[in-house]
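Asks: The structure is given below, and queries will be raised subsequently.
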């Protein structure tokens, strides 16, 4: 059996690494990996793949830095060429970026079976390009591997039980990865207070709004007066902070770090404050409380079970959550599969009709 995996960004490679390690246990499976190049990342050198124990891609398409339409169109063309050459039995895609949608469109035209990892997630915000990508990819898939009960419920509500598709609750491959990488974590080469809050801000809905970005950083500055706040600063966020004239005095801004350094920061932080979807889950995996700087989240089970609180961007709501929100501290509940998602996914593909 040949599986062709389509990836476009470093976080996807980290997730896919867990499944690639599982595939390596099966002599009868050959995996071919395409990197579309959607998100160029200078950190993804040969050392990155060796350090992360991830197979290097077989194909690099170098398509990035374009509009959504141009990027997706060029990806469709190039992915189709590789698919026709490789003749895979299955194509596997992850999540909700343009590379995911491009792969799904190729599959629908060439009538090859598609497995969608992280299927069924919904923010119910149709202004997000990712939401469109998720919905369309789910609709043309043969196997939908859902990380959570709520993802399964979303698909059932949308009528997917009436389509020629199999829905599988697999758990989340990110937990597989967190379990694997926790022992490989590396302390960043920076000075750190022993008791700190880890924060990230990068989502366009926050960074593109002067008012939202200003209120978030005003809240973080106030928190940083009494508790160290460490914030790996995304280049784009930094340029917008400068453009909007937002003053940063107390927050410990550091350069972006690699994944293993980020794992160390999560492990050693007091709590997380973020607008990242992935970090919300990683906070749970490493038993940390999380304040989410968004108005909605795809990971509703974290909020429902009290591990996460949504605060949006208003300064007073952020400060109120930090000072007085009562978080759940019992992390024993199994929300994401306890690190067995990759095994379920590969067995699901092998057993599919």
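In my numbering, the protein residues as written are 316 to 668.
Note that the Cβ used here is the ideal one computed from N, Cα and C, for glycine as well.
(1) Would you be able to state if there are at least three C-beta pairs under 8 Å between the stretch 328 to 339 and the stretch 376 to 392?
(2) Between 511, 346, 325, 329, which lies nearest to residue 353 when the distance is taken from Cα to Cα?
(3) Would you report the Cα separation of residue 569 and residue 496, rounded to the nearest angstrom?
(4) What residue from 431, 646, 380 has the CA that sits closest to residue 330's CA?
(5) Given a cut-off of 8 Å, decide if residue 458 and residue 667 are closer than it, judged by their beta-carbon atoms.
(6) Pick out whichever of 566, 528, 577 has its Cα sitting closest to the Cα of residue 558.
(7) Can you grab the Cα-Cα spacing for the pair residue 433 / residue 379, in whole Å?
(8) On the criterion of 16 or more Cβ atoms from any shown chain inside 10 Å, does residue 449 qualify as buried, or is it exposed?
(9) When we look at the beta-carbon of residue 350 and count the other beta-carbons within 10 Å, is it buried (16 or more) or exposed?
(10) Under three-state DSSP, which class holds residue 419?
(11) Apart from the five residues on each side of it in sequence, which residues of its chain come closer than 6 Å, Cβ to Cβ, to residue 659?
(12) Grouping DSSP H, G and I as helix and E and B as strand, with all else coil, what is residue 399?
(13) Quick one: is residue 453 buried, meaning 16 or more other Cβ sit within 10 Å of its Cβ, or exposed?
(14) Compare the beta carbon distance of residue 404 and residue 381 with 8 Å and say whether it is the shorter of the two.
(15) By DSSP, does residue 431 sit in helix, in strand, or in coil?
(16) Could you please give the first and the last residue of the uninterrupted beta strand (DSSP E) stretch that includes residue 547?
(17) Just how far apart, CA to CA, sit residue 560 and residue 551?
(18) Can you tell me where the alpha helix (DSSP H) with residue 515 in it begins and where it stops?
(19) Rounded to whole angstroms, what's the CA-CA distance from residue 460 to residue 411? Just pull it up for me.
(20) Should residue 341 go down as buried or exposed, given a rule of 16 or more other Cβ atoms within 10 Å for buried?
(21) Only counting the same chain, and skipping five residues up and downstream in sequence, which positions put a Cβ closer than 8 Å to that of residue 592?
(22) I need the straight-line Cα distance from residue 372 to residue 503, nearest angstrom please.
Replies: In terms of the structure at hand:
(1) As far as the Cβ criterion goes, the stretch 376 to 392 does not touch the stretch 328 to 339, which means the pair count is below three.
(2) When only C-alpha atoms are compared, the closest one is 325.
(3) Computed Cα separation, rounded: 22 Å.
(4) Of 431, 646, 380, the residue nearest in Cα terms is 431.
(5) Yes; because the gap between Cβ atoms is below 8 Å, this pair is in contact.
(6) Of the candidates 566, 528, 577, 528 places its Cα closest to the Cα of residue 558.
(7) The straight-line gap from Cα to Cα measures roughly 23 Å.
(8) With at least 16 other beta carbons inside 10 angstroms of its own, residue 449 counts as buried.
(9) Classification of residue 350: buried, given that the 10 Å Cβ count is 16 or more.
(10) DSSP places residue 419 in helix when its eight states are reduced to three.
(11) Contacts found: 485.
(12) Residue state, collapsed to three classes: helix.
(13) So residue 453 ends up on the buried side.
(14) Result no, Cβ atoms of residue 404 and residue 381 do not sit closer than 8 Å.
(15) DSSP, reduced to helix, strand and coil, places residue 431 within a strand of the structure shown.
(16) For residue 547, the enclosing beta strand (DSSP E) stretches over residues 543 to 547.
(17) Distance from the CA atom of residue 560 to the CA atom of residue 551, rounded to whole angstroms, is 14 Å.
(18) Boundaries around residue 515 are those of the beta strand (DSSP E), 511 to 515, since no alpha helix (DSSP H) includes it.
(19) The alpha-carbon atoms of residue 460 and residue 411 are separated by roughly 13 Å.
(20) Answer is exposed; the Cβ neighbour count stays below 16.
(21) In the same chain as residue 592, and ignoring 5 residues on each side of it, the C-beta atoms closer than 8 Å to its own belong to 612, 613, 614, in chain order.
(22) Cα-Cα distance, rounded: 27 Å.
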